[in-house]
Amino acid sequence: MKVALIGLSGYAGKVLYQLLGGHSRVNQVNIYDHNVDEVTTVADTYKGMIGNRDRVYPYDYSEIMNKNDAAFFATPAGVTSKLAQPFIHEGFPVIDLSGDYRLTDPQTYEDWYHKPAAVSGLDEAEYGIADFNHLASTTNYVANPGCYATATLTGLKPVFNSDMFSLDSVIVDAKSGTSGACKRLTESSHFTNVNENLSVYKPNQHQHIPEIMQQLVEWNHEAKPIQFTTSLLPISRGIMATMYVKVKPDVGISEIDELFEAELADAPFTRFTGTELPDIKEVVGTNFCDVGIAYNETNQTLMIVSVIDNLIKGASGQAVQNFNQMFGFAEDEGLKLAQVTV
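The letter at position 264 of the sequence shown is residue 264 when you use full-length UniProt numbering, and the numbering goes up by one with no holes.
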């Protein structure tokens with residue numbers, strides 16, 4: 001297959017480029033950029049790609065659809081919705097890593113992203129949390145989930161598919177490495193401020209909150225607004241989401257453990273570790289989400305710990321997983337990755 005990659009300037013785009021290059025069903029990756037006016041090379045266009053002579057073509061939607069079998073958009077929120085309209089109109093297969101088509105309500109998008117919502121196409125897009133929804137095989141446009149959303153939803157899936165828990169007060173404390181804040185330099189992501197530090201950012205304002213709530217409500221109509229806090233870790237990549245949920249009376253740890261085992265058993269890239277809590281290093285470099293639990297019987301609180309590599313499971317790896325589902329390939333095609341041990 002020939003696939004188009006639109007956008008290679010960000011971290012997720014670069015990782016996606018690497019993953020597609022190792023995918024046995026992809027024999028050609030064509031790169032397009034809406035910011036270039038003439039054919040150039042990867043090395044000449046993107047920093048950190050020294051010696052790479054692959055061509056980068058100006059964005060032209062008709063050429064992309066004529067010369068490729070599918071397209072990946074790794075462009076920023078607010079950009080993708082402008083570029084993707086012709087693909088939606090033609091029913092061309094797209095996996096979209098931006099947030100532009102994740103939310104079904106345009107006003108919600110504008111409230112949280114502070115950008116104009118897509119003018120059309122929201123009904124055609126399917127939210128592709130690949131381990132659970134398996135919708136990629138039934139749609140031509142997959143909205144790839146956000147990194148925080150992926151870690152959080154994976155950890156909370158068993159909770160919202162059960163009557164063992166109170167859903168009135170779910171607390172999520174999520175921490176991410178600096179690559180989750182994109183490449184743009186800000187004061188908060190400056191080395192001097194991040195190194196040997198831990199800081200909260202966007203409390204109750206992170207743009208992944210509405211997509212998390214949208215999916216939780218779909219799983220369980222009794223879902224209530226969650227408390228969601230994000231913090232910046234002094235590491236390059238990885239997310240740890242720690243969730244706290246109240247357990248109903250007369251429910252014990254054995255029942256909770258059985259629930260999580262059953263709910264996560266068929267999720268191809270989710271590993272339930274039981275009471276052995278996971279850490280970020282175990283998933284960096286892989287498409288896995290590891291989930292562990294600890295139950296405090298004194299106050300009937302369940303703690304759920306979910307860890308992912310934000311650039312792979314939280315972005316590019318899940319995009320490839322959705323691509324595999326869309327075209328009927330093996331779920332792990334191009335994703336047999338080893339963790340980064342050092």
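Think of the CB as a built atom: it goes at the ideal place given N, C-alpha and C, for glycine as much as any other residue.
E90 is bridged by DSSP to nothing; it lacks a bridge partner. Here Q318 is actually not in contact with K246; their C-beta atoms are around 30 Å apart, not less than 8 Å. Annotation note: the region 234-289 contains the following uninterrupted alpha helix (DSSP H) runs of length 4 or greater, listed N- to C-terminal: 253-264. In the three-state reduction of the DSSP assignment, L153 falls in the helix class.
Inter-segment contact for the region 323-334 and the region 28-46 is absent: fewer than three beta-carbon pairs are separated by less than 8 Å. Here V200 is bridged, per DSSP, to S231. The C-alpha of F87 is placed about 38 Å away from the C-alpha of V305.
Annotated as distal: Y127 and Q207, with beta-carbon spacing of 9 Å or more. With the rule of 3 Cβ pairs closer than 8 Å, the region 196-204 does not count as touching the region 287-298. If you draw a 10 Å sphere on the C-beta of P116, you find fewer than 16 other C-beta atoms in it, and that means exposed. In the structure shown, T138 falls within a helical segment according to DSSP collapsed to helix, strand and coil. For A43, the CB contacts under 7 Å within the same chain, skipping 5 residues up- and downstream, are M49, I50, G51, N52, R53 in chain order. Under the DSSP assignment, M303 falls in the beta strand (DSSP E) whose first and last residues are 301-308. In this structure, the straight-line span from the alpha carbon of G10 to that of A74 is close to 8 Å. In the DSSP assignment, E211 forms no beta bridge with any residue. In summary, F92 is buried, with 16 or more beta-carbon neighbours lying within 10 Å of its beta-carbon over all protein chains present.
Taking V94 as the centre and dropping the five residues before and after it, the same chain places the C-beta of A71, F87, Y141 closer than 6 Å to its C-beta, in chain order.
In the DSSP assignment, I64 falls within the alpha helix (DSSP H) that extends over 61-67.
Taking a 10 Å sphere around the C-beta of A262, we find fewer than 16 other C-beta atoms and assign the residue as exposed.
Counting C-beta pairs closer than 8 Å gives three or more between the region 128-138 and the region 146-159, which meets the contact rule. Only exposed fits D123, as fewer than 16 other CB atoms lie within 10 angstroms of its CB. With contacts defined by Cβ atoms closer than 9 Å, G252 and L337 do not form a contacting pair. For the pair Q215 and L135, the Cα-to-Cα distance works out to about 13 Å.
Following the DSSP letters along the chain, one finds S81 inside the alpha helix (DSSP H) bounded by residues 80-83. For Y113, the uninterrupted alpha helix (DSSP H) segment begins and ends at 106-113.
A straight line joining the alpha-carbon of Q321 with that of G334 spans about 9 Å. L122 is bridged by DSSP to nothing; it lacks a bridge partner.
In this structure S81 is buried. Its beta-carbon is surrounded by 16 or more other beta-carbon atoms within 10 angstroms.
For the pair M303 and M243, the CB atoms are nearer than the 9 Å cut-off. Across the structure, V56 and L83 are spaced so that their CA atoms are roughly 17 Å apart. Contact between the region 262-278 and the region 224-239 is not established, with fewer than three Cβ pairs separated by less than 8 Å.
Nearest Cα to T341 within the set I308, K281, K313: K281. For S24, the secondary structure class from DSSP, reduced to helix, strand or coil, is coil. In the same chain as M240, and ignoring 5 residues on each side of it, the C-beta atoms closer than 6 Å to its own belong to K175, I280, V307, in chain order.
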